[in-house]
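Top to bottom, those sequences are chains A and B.
The first sequence begins at 1 in our numbering and counts up one residue at a time.
The second sequence begins at 1001 in our numbering and counts up one residue at a time.
Each residue gets a CB set at the ideal place from its N, CA and C atoms; glycine is no exception.
No experiment lies behind these values; they were computed from the predicted model shown.
Encoded as structure tokens, the structure appears first; notes follow it.
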Amino acid sequence: MNIELKDLRFSYGPVVALAGVDLSLGEGACGLLGPNGAGKSTLLRILLGFLRPDRGEGRVLGFDIRHEQARIRRLVGYMPEDDCLIPGMDAVTFTAYFGELSGMPRQEAMKRAHDVLFYVGLGEARYRSLETYSAGMKQRLKMAQALVHDPKLLFLDEPTSNLDPQGRTEVLELIKDISSKKDIQVLVSSHILTDIEYTCSRVVILNQGKVAAQGDIDALKEIRFSLYEITTKGDNAKFLKALAGRGCKVEETEDGILKVYLPADMDRRGIFEAAVRESVQIRTFIRSRTSLEDLFARTVGVD
Amino acid sequence: MPIAEQGYTHWTGHFVDRRLPWWPISRLGIKMAFKRKFFKFAFALSFLPALIFAVGIYISERLEDFQFMFKGRKGSMSFLEVNPLYFKSYFGGDFLLFMMVMMMVLGGAGLIADDLRSNSLQLYFSRPIRKGDYLLGKLATAGFFLLLFTLLPGLLFILLKIIFAGSFKLLTAYPWILPAVVLDSLLVSVFFAAYTLLVSSLSKNRRYAAILIFLIYFFSDIFFSIFYGIFHNPYFCLLSIKADLQQVTAALFRVKPAFEVPWIYSLLVLAGLVLACGVVLVRKTRGVEVIK
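Below you can see the structure in the form of structure tokens.
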């Protein structure tokens, strides 16, 4: 396992940020989702050793997060969310500098910086001053500094924030390339659900400092709930009330289509039973594909 | 711009455990300082006192050749005698201290302020370096420039005197001069470096930090002058950073200090300030690290 956490707790004074996180992440790219204040950033900081947990234990790449922080940091790459580029430098110096701080010999850090900058698409601009970089170039440079020491695990905090659609697509392609072909495990924290769905095979959803769901995205969507799209004829109000009574969440679209989310313990037969009881005729009944957005909304309890 | 112009390759080298993990930070700081406007000019100007004192040492050994310069001026050559007072005049000189402040204003104000402004502390602390390494790296950057204007000229003066005199008379007459040069250089450099880092960590804006470095130094001296002018109490010299440095320098070179105040008080004031700098710096860097 790359990341293993047991009953991890952390508070900022009276504010509880993590209230007992149990987590186990293995191979592959994993998305870290959660509403604001769910504890995503705190979790990343604890994994990096910036913060000491109040309680609980954890291991990253086999190293203890309390006592072996330096070893973890050597093997982990971190791309922060905010701008963090040192003014007055060029990309090669910047990237090589952080390679050197990771423990690489100076000459090798410089050589590696060139390679990584070409990989992220900044080869031609590597001697330009960082002040002249666009938002997309800055994101790629942050990626380069995270990759320069060839980490085994990469933490990406909102990697596509402030990017135009083209830049976003390019960065997502890059993440996908890294996570799928390069033996580098990636943990992506993002608010953009489609980004997670595109780049990750697994997801961890945090809510109020706890893990609300974790696992393979496709499997989770299957297990957590099923979504059906129904058109009916008859008294919809009573039918909807009956479905709600059985634990279903129902949304009615402008086209009159009912989107019915079944709870995990309910069979689709229940929909028909409710229809028979309320004398409603079901005209169409289609099993719909659930998106990560649906899963997220249902898991954290928001619309 | 196309993405992935070149495929990703794994790095096959080995990490090294540096004996001085802070050295890359210092090296970059020194390199970046020279990129700043006016820094090179101030850097060159700061060597002026050292150059004048070095010429003075040469003249002191060739007095006959320079008699014409002092004709008719009784006792005017006494200042050319290379003794502890000569060294004290260099190390405690107003111009040198002023230039050291200017060097810190131009080259040191942004050492931490720039990192705070650019949020790059999180990048530093995501690497296998400790907070102490980071602070030591920044301290060494400032210390490098300060030692260039204190320790280096001090040692050079001793060496020049030995060469021009052709004897070790200076060292035999004043055997403590070499330790005094080293100690005073270290004291002045550590103090100014810590002071610069403290002020730099108080602001995200290097200009504010630069102004503060300048103002605190000069206002401490102005307050001293005002209070001393009103009350005529020499103990007010403890308020002045410059006076404190000059008192300790005088004591280290065994020269009578300018004010009738035990030099140890001045040393305690300076040590207290350095200690306070350390406490604040540790707290400030932790604050940034933890709370975004």
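Alpha-carbon spacing of residue i relative to residue j, whole angstroms
i, j, result
"Ile1291/B", "Tyr12/A", "Per-residue confidence for Ile1291/B stands at a pLDDT of 42, beneath the threshold of 50, marking its modelled position as unreliable; the derived number appears in the next sentence. Their backbone Cα atoms lie some 9 angstroms apart in a straight line."
"Val343/A", "Gly26/A", "Here chain A covers residues 1 to 303 and nothing more, so residue 343/A does not appear."
"Gly28/A", "Phe1144/B", "47 angstroms"
"Leu1281/B", "Ala1193/B", "12 angstroms"
"Asp177/A", "Glu81/A", "20 angstroms"
"Thr284/A", "Arg202/A", "33 angstroms"
"Ser24/A", "Leu44/A", "14 angstroms"
"Pro53/A", "Pro14/A", "14 angstroms"
"Ser179/A", "Lys40/A", "20 angstroms"
"Asp7/A", "Gly215/A", "18 angstroms"
"Ala125/A", "Gln69/A", "34 angstroms"
"Leu51/A", "Phe1253/B", "48 angstroms"
"Leu47/A", "Ile65/A", "6 angstroms"
"Ala144/A", "Gln166/A", "19 angstroms"
"Pro1153/B", "Arg1127/B", "37 angstroms"
"Glu278/A", "Leu156/A", "50 angstroms"
"Ile1025/B", "Glu100/A", "10 angstroms"
"Leu1155/B", "Arg55/A", "55 angstroms"
"Glu273/A", "Glu251/A", "19 angstroms"
"Phe1038/B", "Met1104/B", "12 angstroms"
"Arg168/A", "Gly1093/B", "59 angstroms"
"Pro1262/B", "Phe1168/B", "32 angstroms"
"Glu293/A", "Leu1198/B", "48 angstroms"
"Gly1110/B", "Thr132/A", "20 angstroms"
"Leu1028/B", "Lys181/A", "34 angstroms"
Cβ-based burial, residue i [other Cβ within 10 Å; buried from 16]
i, result
"Arg74/A", "buried"
"Leu1048/B", "exposed"
"Gln281/A", "exposed"
"Glu170/A", "buried"
"Asn36/A", "exposed"
"Val1279/B", "exposed"
"Gly1272/B", "exposed"
"Arg1283/B", "exposed"
"Ile1264/B", "exposed"
"Trp1176/B", "exposed"
"Thr199/A", "buried"
"Ile286/A", "exposed"
"Gln1247/B", "buried"
"Ser129/A", "exposed"
"Val1016/B", "exposed"
"Gly1287/B", "Because Gly1287/B carries a pLDDT of 43, less than 50, the predicted location of this residue cannot be relied on, and no value is offered for it."
Partners in chain E for residue i, counting only beta-carbon separations shorter than 7 angstroms
i, result
"Ala70/A", "Note that chain E does not occur in the displayed structure, where the protein chains are A and B."
Whole-Å CB distance - residue i paired with residue j, under 8 angstroms assumed
i, j, result
"Met1100/B", "Phe1149/B", "6 angstroms"
"Leu141/A", "Phe98/A", "So it is not a contact: roughly 10 angstroms between Cβ atoms."
"Gly1108/B", "Ser1200/B", "7 angstroms"
"Cys84/A", "Ser1203/B", "With a Cβ gap of about 18 angstroms, Cys84/A and Ser1203/B do not count as contacting."
"Ala17/A", "Gly209/A", "6 angstroms"
"Ile184/A", "Leu154/A", "5 angstroms"
"Trp1022/B", "Ala1140/B", "6 angstroms"
"Ser189/A", "His149/A", "Contact flag wrong, Cβ pair sits at about 21 angstroms."
"Glu1061/B", "Phe1164/B", "4 angstroms"
"Pro105/A", "Gly1137/B", "The Cβ separation is near 18 angstroms, so there is no contact."
"Leu1097/B", "Lys1242/B", "6 angstroms"
"Ile316/A", "Leu258/A", "Within the shown structure, residues of chain A are numbered from 1 to 303, placing residue 316/A beyond reach of any answer."
**Contact list for the region 72–95 of chain A against chain B, Cβ threshold 7 angstroms** = Arg73, Arg74, Tyr78, Pro80, Asp82, Asp83, Cys84, Leu85, Ile86, Pro87 and Gly88
**Request:** Give, in chain order, every residue of the region 37–61 of chain A whose Cβ lies closer than 9 angstroms to some Cβ of chain B.
**Result:** Ser41, Arg45, Leu48, Gly49, Phe50 and Leu51
**Request:** May I ask you to list, following chain order, the residues of the region 1192–1206 of chain B that have a beta carbon less than 8 angstroms from some beta carbon of chain A?
**Result:** none
**Asked** Residues in the region 1029–1040 of chain B with C-beta within 7 angstroms of chain A's C-beta atoms, listed in sequence order?
**Response** Here the close residues are Met1032 and Lys1035.
**Request:** For the region 279–298 of chain A, enumerate the residues whose C-beta is nearer than 7 angstroms to any C-beta of chain B, in chain order.
**Result:** none
**Message:** For a minimum of 4 consecutive residues, which ranges assigned as the alpha helix (DSSP H) are wholly contained in the region 137–209 of chain A?
**Reply:** As far as the region 137–209 of chain A is concerned, its whole alpha helix (DSSP H) runs of at least 4 residues are 165–181 and 193–199.
**Asked** Relative to chain B, which residues along the region 203–216 of chain A have a C-beta separation below 9 angstroms, given in chain order?
**Response** none
**Request:** Note down, in chain order, all residues in the region 144–156 of chain A with a beta-carbon under 9 angstroms from any beta-carbon belonging to chain B.
**Result:** Gln145, Ala146, Leu147, Val148, His149, Asp150 and Phe155
**Asked** Closer than 9 angstroms, Cβ to any Cβ of chain B: which residues of the region 174–203 of chain A, in chain order?
**Response** For the region 174–203 of chain A, which is checked against every Cβ of chain B, the residues closer than 9 angstroms are Leu174, Asp177, Ile178, Lys181, Lys182, Asp183 and Ile184.
**Asked** Can you list, in chain order, the stretches of the alpha helix (DSSP H) that have 4 or more residues and sit fully within the region 1210–1280 of chain B?
**Response** 1241–1252
**Prompt:** Going along the chain, which residues of the region 97–110 of chain A sit with their C-beta nearer than 7 angstroms to a C-beta in chain B?
**Reply:** Tyr97, Phe98, Glu100, Leu101, Ser102, Gly103, Met104, Pro105 and Glu108
**Message:** My parser needs the alpha helix (DSSP H) runs of 4 or more residues fully inside the region 1115–1189 of chain B; what are they?
**Reply:** 1121–1125, 1131–1149, 1151–1165 and 1169–1173
**Prompt:** According to a CB-to-CB cut-off of less than 9 angstroms, which residues of the region 1007–1022 of chain B neighbour chain A?
**Reply:** Gly1007, Tyr1008, Thr1009, His1010, Trp1011, Thr1012, Gly1013, His1014, Phe1015, Val1016, Asp1017, Arg1018 and Pro1021
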